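**Student:** First, the structure itself, so that you have it in front of you.
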Amino acid sequence: MTTEHVEPAVPGGECEREPDPSDSLRTFGAVVQALREHAGLSRVQFGELVRYSKHTVESVELGRRMPDASFVERAEEALGNTGALRHSARFLTRGEAGLAAWFRRWARLEREAVSLCTYECRLVPGLLQSEGYTRAVFEGTVPVAPDEQLENFMATRMERQRMLFERPTTPFSFIVEEHVFRRRFGDAEQMRGMLDRVLELSAPRNVTLQVVPLEAGLHACLDGPLQLVETPRGQRLAYSEGQQNGRLIADPKEVSLLYQRYDTLRSQALNAKDSRGLLERLRGEL
Numbered sequence: 004m005t006t007e008h009v010e011p012a013v014p015g016g017e018c019e020r021e022p023d024p025s026d027s028l029r030t031f032g033a034v035v036q037a038l039r040e041h042a043g044l045s046r047v048q049f050g051e052l053v054r055y056s057k058h059t060v061e062s063v064e065l066g067r068r069m070p071d072a073s074f075v076e077r078a079e080e081a082l083g084n085t086g087a088l089r090h091s092a093r094f095l096t097r098g099e100a101g102l103a104a105w106f107r108r109w110a111r112l113e114r115e116a117v118s119l120c121t122y123e124c125r126l127v128p129g130l131l132q133s134e135g136y137t138r139a140v141f142e143g144t145v146p147v148a149p150d151e152q153l154e155n156f157m158a159t160r161m162e163r164q165r166m167l168f169e170r171p172t173t174p175f176s177f178i179v180e181e182h183v184f185r186r187r188f189g190d191a192e193q194m195r196g197m198l199d200r201v202l203e204l205s206a207p208r209n210v211t212l213q214v215v216p217l218e219a220g221l222h223a224c225l226d227g228p229l230q231l232v233e234t235p236r237g238q239r240l241a242y243s244e245g246q247q248n249g250r251l252i253a254d255p256k257e258v259s260l261l262y263q264r265y266d267t268l269r270s271q272a273l274n275a276k277d278s279r280g281l282l283e284r285l286r287g288e289l
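Residue numbering for the sequence shown is 4 to 289, as defined by our numbering.
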């Protein structure tokens, strides 16, 4: 695969730059635009109804952006509940394959998962980030994102976090290296805000956060970040990403091995209570 076909990863498990539009994206966008104009709505007015920016509405209508499930559902409600958008969204594809397409599929799997496990050694997982931390991450990416695109990145990530509260019976497990929470950004207030947000989002009974302490030494997941998901049909899948690449893993033997590594690391990390205690101590040191 050549570099022009690989979509760059946005740190924390989001890939936002879209590949070239496909015929299905253009067609879907044209239908959205036709229904919007028939309803007598400007892009700004429609954006307010579906809670997305004018820029996002324009990108969808021009076939430049893959609409997520929230956009489709809200657009349906705003444009008459005909079912046209809901049904046609199932057949959307991109013009080229790459990391963005892989992550979009993973994001859909996340929303449907009966369980989700995440190991991170680089930065706070996207689902646990504070707004200030997220902004610092996006502002530090290369190439630099335009201001409007950065705001879209922010909105997308904050929207994803709602899963933790909207799905109280779905178990979410996070294992994160201690040094991730010690890495400085901004001032002491922003660091405290980051730790407060992590503590808040990991408080529900369906969310488990374990910290791998610095003294734990080498362990089974040193190959890099890892996400594991189980679907309603009982299928287990994995996702991993690195510099300029990412991979959705479906091979049962490989996925089984990754689950074994994750389970082994669970036994080496601090338990949930001790992990919260460590984060509270780190906050107190600021």
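For every residue, glycine included, the Cβ atom is placed at its ideal position computed from N, Cα and C.
Since the structure is predicted, the reported quantities are computational estimates derived from the model, not experimental observations.
(1) Is Leu231 helix, strand or coil when you go by DSSP?
(2) Grab the span of the alpha helix (DSSP H) containing Val75 for me, first residue to last.
(3) Just to confirm my understanding: we take Arg269, look at its own chain, exclude 5 residues before and 5 after, and list those with CB closer than 7 Å. What are they?
(4) Applying the criterion that 16 or more other CB atoms from any shown protein chain within 10 Å of the CB defines a buried residue, is Thr267 buried or exposed?
(5) Return the chain-ordered list of same chain residues with a C-beta closer than 7 Å to the C-beta of Glu115, the five sequence neighbours on each side being excluded.
(6) Return helix, strand or coil for Glu1, following the three-state DSSP convention.
(7) Which of helix, strand or coil does DSSP assign to Tyr262?
(8) Just to confirm before moving on: does the CB-CB distance between Ser243 and Arg250 stay below 7 Å?
(9) For Glu162, I'd like the list of residues in its chain whose CB is within less than 7 Å of its CB, leaving aside the five on either flank, ordered along the chain.
(10) Given this structure, state the Cα-to-Cα distance separating His222 from Arg279, to the nearest angstrom.
(11) Within a Cβ cutoff of 7 Å, which residues of the same chain sit near Ala78, ignoring the five residues on either side of it in sequence?
(12) Could you tell me if Val210 is buried or exposed, where buried requires 16 or more neighbouring beta carbons within 10 angstroms of its beta carbon?
(13) With DSSP as the reference, label Tyr122 as helix, strand or coil.
(14) In whole angstroms, what is the alpha-carbon distance linking Gly83 and Thr159?
(15) So, for Ala148: in the same chain, excluding its five sequence neighbours on each side, which residues have a beta-carbon less than 7 Å away from its beta-carbon?
(16) Of the residues Ser56, Gly32, His182, Ala272, which one's Cα is nearest the Cα of Asp150?
(17) Could you pull the DSSP bridge partners for Val210 from this structure?
(18) CB-CB under 7 Å to Ala275, same chain, minus the five flanking residues each way: which ones, in chain order?
(19) Leaving out five residues before and five after Leu291 in sequence, what residues of the same chain have Cβ atoms less than 7 Å from its Cβ?
(20) Does the distance from the C-beta atom of Leu282 to that of Ala191 stay below 7 Å?
(21) On the three-state DSSP scale, how would you describe Tyr242?
(22) Among the residues of its own chain, which have a CB less than 8 Å from the CB of Arg93, if the five just before and after it don't count?
(23) Mapping DSSP to helix, strand and coil, what is Arg284?
(24) Counting along the chain, where does the alpha helix (DSSP H) carrying His222 start and finish?
(25) Can you give the Cα-Cα distance for Thr172 and Ser118, rounded to whole angstroms?
(26) Closest by CA to Gly245, which one among Arg125, Gln271, Glu76?
(27) Is it right to say Leu225 is buried, meaning 16 or more other beta carbons lie within 10 angstroms of its own, or is it exposed?
**Tutor:** In short:
(1) Looking up residue 231 in the sequence shown gives position 228. Annotated three-state conformation of Leu231 is strand, per DSSP.
(2) For this step, residue 75 is matched to residue 72 along the sequence shown. Segment 72–81, the alpha helix (DSSP H) holding Val75.
(3) As a first step, residue 269 is located in the sequence shown; it is residue number 266 there, counting from the start. The beta carbon of Arg269 lies closer than 7 Å to those of Ile178, Gln213 in the same chain, with the five residues before and after it left out.
(4) One-based indexing of the sequence shown puts residue 267 at position 264. The residue is exposed, with fewer than 16 neighbouring Cβ atoms inside 10 Å.
(5) To locate residue 115, count along the sequence shown from 1; it is residue 112. Here the set comprises Thr234, Pro235.
(6) Outside the displayed range of the chain (4 to 289) lies residue 1, so it cannot be described from this structure.
(7) Position 259 of the sequence shown, counting from 1, holds the residue named residue 262. DSSP, read as helix, strand or coil, puts Tyr262 in helix.
(8) Counting from 1 along the sequence shown, the entry for residue 243 is found at position 240. Counting from 1 along the sequence shown, the entry for residue 250 is found at position 247. For the 7 Å CB-CB criterion, Ser243 and Arg250 form a contact.
(9) For the purposes of this step, residue 162 is identified with residue 159 of the sequence shown, where counting begins at 1. Take Glu162, set aside five residues on each side of it, and the residues of its chain with a beta-carbon closer than 7 Å to its own are Ser73, in chain order.
(10) By one-based count along the sequence shown, residue 222 stands at place 219. By one-based count along the sequence shown, residue 279 stands at place 276. Cα-Cα distance, rounded: 21 Å.
(11) Working through the sequence shown from its first residue, we reach residue 78 at position 75. When the five nearest sequence neighbours on each side are left out, the beta carbons in the same chain lying within less than 7 Å of the beta carbon of Ala78 are those of Val35, Val53, Leu88, in order along the chain.
(12) What you label residue 210 is simply residue 207 of the sequence shown in a count that begins at 1. Only buried fits Val210, as 16 or more other CB atoms lie within 10 angstroms of its CB.
(13) Counting from 1 along the sequence shown, the entry for residue 122 is found at position 119. Here Tyr122 sits in strand by DSSP.
(14) Counting from one through the sequence shown, the residue named residue 83 turns up at place 80. Counting from one through the sequence shown, the residue named residue 159 turns up at place 156. Gly83 and Thr159 have their C-alpha atoms roughly 25 Å apart.
(15) The residue you call residue 148 lines up with position 145 of the sequence shown. Same-chain partners within the cutoff: Phe141, Phe156.
(16) Walking along the sequence shown from the start, residue 150 turns up at place 147. That would be Ser56, whose Cα lies nearest to the Cα of Asp150.
(17) As a first step, residue 210 is located in the sequence shown; it is residue number 207 there, counting from the start. Beta-bridge partners of Val210 (DSSP): Phe175.
(18) The residue you call residue 275 lines up with position 272 of the sequence shown. Answer for Ala275: Thr211, Leu212, Gln213, listed in chain order.
(19) There is simply no residue 291 to check, as the chain begins at 4 and stops at 289 in what is shown.
(20) In the sequence shown, residue 282 corresponds to position 279, counting from 1. In the sequence shown, residue 191 corresponds to position 188, counting from 1. Annotated as distal: Leu282 and Ala191, with beta-carbon spacing of 7 Å or more.
(21) Taking the first residue of the sequence shown as 1, we reach residue 242 at position 239. Shown here, Tyr242 sits in a strand according to DSSP, grouped into three states.
(22) For the purposes of this step, residue 93 is identified with residue 90 of the sequence shown, where counting begins at 1. Closer than 8 Å at the Cβ level, and outside the excluded window around Arg93, lies no residue.
(23) Reading the sequence shown from its first residue, position 281 is the one you call residue 284. In the structure shown, the three-state DSSP call for Arg284 is helix.
(24) The residue you call residue 222 lines up with position 219 of the sequence shown. Where His222 is concerned, there is no enclosing alpha helix (DSSP H), given that its DSSP letter is neither H nor E.
(25) Working through the sequence shown from its first residue, we reach residue 172 at position 169. Working through the sequence shown from its first residue, we reach residue 118 at position 115. When rounded, the distance between both Cα atoms is 9 Å.
(26) Taking the first residue of the sequence shown as position 1, residue 245 is located at position 242. The shortest Cα separation from Gly245 among Arg125, Gln271, Glu76 belongs to Arg125.
(27) Within the sequence shown, residue 225 is the residue found at index 222, counting from 1. With fewer than 16 other Cβ atoms inside 10 Å of its own Cβ, Leu225 counts as exposed.
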